[in-house]
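First the structure, in the form of structure tokens, and then the observations on it.
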Amino acid sequence: VLGLPPNWYKYPAYRARAVREPRAVLKEFGLDLPESVEIRVWDSSAELRYWVLPQRPEGTEGMSESELAELVTRDSMIGVGQPRRPEGR
Amino acid sequence: VSAVERARVEELLARLPREIPRHEGDVAFDTAWEIRAFALAVALHERNGFDWAGFQRELIAAIERWEDSAGSDASWRYYDRWLEALERVVISRDLLTGEELDGRTHEVLTTPRDAEHQHAHLEPVAVVPAATR
Numbered sequence: 001v002l003g004l005p006p007n008w009y010k011y012p013a014y015r016a017r018a019v020r021e022p023r024a025v026l027k028e029f030g031l032d033l034p035e036s037v038e039i040r041v042w043d044s045s046a047e048l049r050y051w052v053l054p055q056r057p058e059g060t061e062g063m064s065e066s067e068l069a070e071l072v073t074r075d076s077m078i079g080v081g082q083p084r085r086p087e088g089r
Numbered sequence: 090v091s092a093v094e095r096a097r098v099e100e101l102l103a104r105l106p107r108e109i110p111r112h113e114g115d116v117a118f119d120t121a122w123e124i125r126a127f128a129l130a131v132a133l134h135e136r137n138g139f140d141w142a143g144f145q146r147e148l149i150a151a152i153e154r155w156e157d158s159a160g161s162d163a164s165w166r167y168y169d170r171w172l173e174a175l176e177r178v179v180i181s182r183d184l185l186t187g188e189e190l191d192g193r194t195h196e197v198l199t200t201p202r203d204a205e206h207q208h209a210h211l212e213p214v215a216v217v218p219a220a221t222r
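Note that the protein sequences, when read in sequence, are chains A and B. Everything in the first sequence is counted per this note's numbering, starting at 1 for the first residue and increasing by one. Everything in the second sequence is counted per this note's numbering, starting at 90 for the first residue and increasing by one.
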């Protein structure tokens, strides 16, 4: 998370649920991952931070950096959403 | 938690003195240690044959001691008595000795909260596998 995280982000109840039922928590964020996707949960520490790399949507081969940047959403940068799909493909 | 597990725990709770704190019908906790104390007692009962009637008696006794000694301004907290009863049963059943309990308490109290925070944890803390079909 860049900048100040929202208050609930550090609530024990939220953190516990993210470990116990990550699929359900992601779904509440609007990210309904198919059952065929394995979910791994990591915790950050003072020594370890994570950088989220949004999954490249299909049909973006050959797109320029600025075209790809247009597809990136805030949610896809914090790991709770997929990037936009390219239009008309 | 399945409906069967919930019913099993509710049946245990129905045998305890006083009303366990609840919020909108569900057992409610104010702090993380209350959840642990609750879960420890239930898990010991279900997995280690921890005698629930014995726990029930200790809890009644702990509440009576509190009622006899606490002043009218003392703040009541169900899980203070719960923990007292749990400790007594665990020690009387030789699951732990008083020294082990004191030693571990000392260890926890003297270990800084973020003692491990400088170490990178490279393994995931949880993995939810993909469904296999």
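In this text, a Cβ means the ideal position worked out from N, Cα and C, and glycines have one as well. The model shown is predicted, which means the values in this text are computed figures rather than measured ones.
Interface with chain B (8 Å Cβ-Cβ cutoff): residue 17 (chain A) is excluded.
Against chain A, the beta carbon of residue 218 (chain B) has neighbours under 9 Å at 38, 39, listed in chain order. DSSP places residue 49 (chain A) in no beta strand (DSSP E); its state is neither H nor E. For residue 213 (chain B), the C-beta contacts it makes with chain A under 7 Å involve 40, 41, 42, in order along the chain. For residue 170 (chain B), the number of other beta carbons within 10 angstroms of its own is at least 16, and it is reported as buried.
Apart from sequence neighbours up to five positions away, the residues of its chain that approach residue 8 (chain A) with a beta-carbon distance below 7 Å are 14, ordered along the chain. Using a 10 angstroms sphere on the CB of residue 50 (chain A), the tally of other CB atoms stays under 16, which defines it as exposed. Counting only the Cα atoms, residue 127 (chain B) lies some 21 Å from residue 195 (chain B). Its chain contains no residue whose beta carbon lies nearer than 8 Å to that of residue 37 (chain A) once the 5 sequence neighbours on both sides are disregarded. With a cutoff of 8 Å on beta-carbon distance, residue 177 (chain B) and residue 147 (chain B) are scored as near each other. For the options A:20, A:47, A:80, A:71, the alpha carbon positioned closest to that of residue 211 (chain B) is the one of A:47. Just measuring C-alpha positions, the residue of A:73, A:86, A:69, A:42 sitting nearest residue 58 (chain A) is A:86. At least one CB of chain A lies nearer than 8 Å to the CB of residue 121 (chain B). Note that the segment 20 to 38 of chain A touches the segment 65 to 84 of chain A; at least 3 beta-carbon pairs, one per stretch, sit closer than 8 Å. A check of alpha carbon separations from residue 45 (chain A) across B:103, B:220, B:213 identifies B:213 as the nearest. The three-state secondary structure of residue 72 (chain A), taken from DSSP, is coil. Going by DSSP, residue 179 (chain B) is part of the alpha helix (DSSP H) stretching over 167 to 181. DSSP, reduced to helix, strand and coil, places residue 97 (chain B) within a helical segment of the structure shown.
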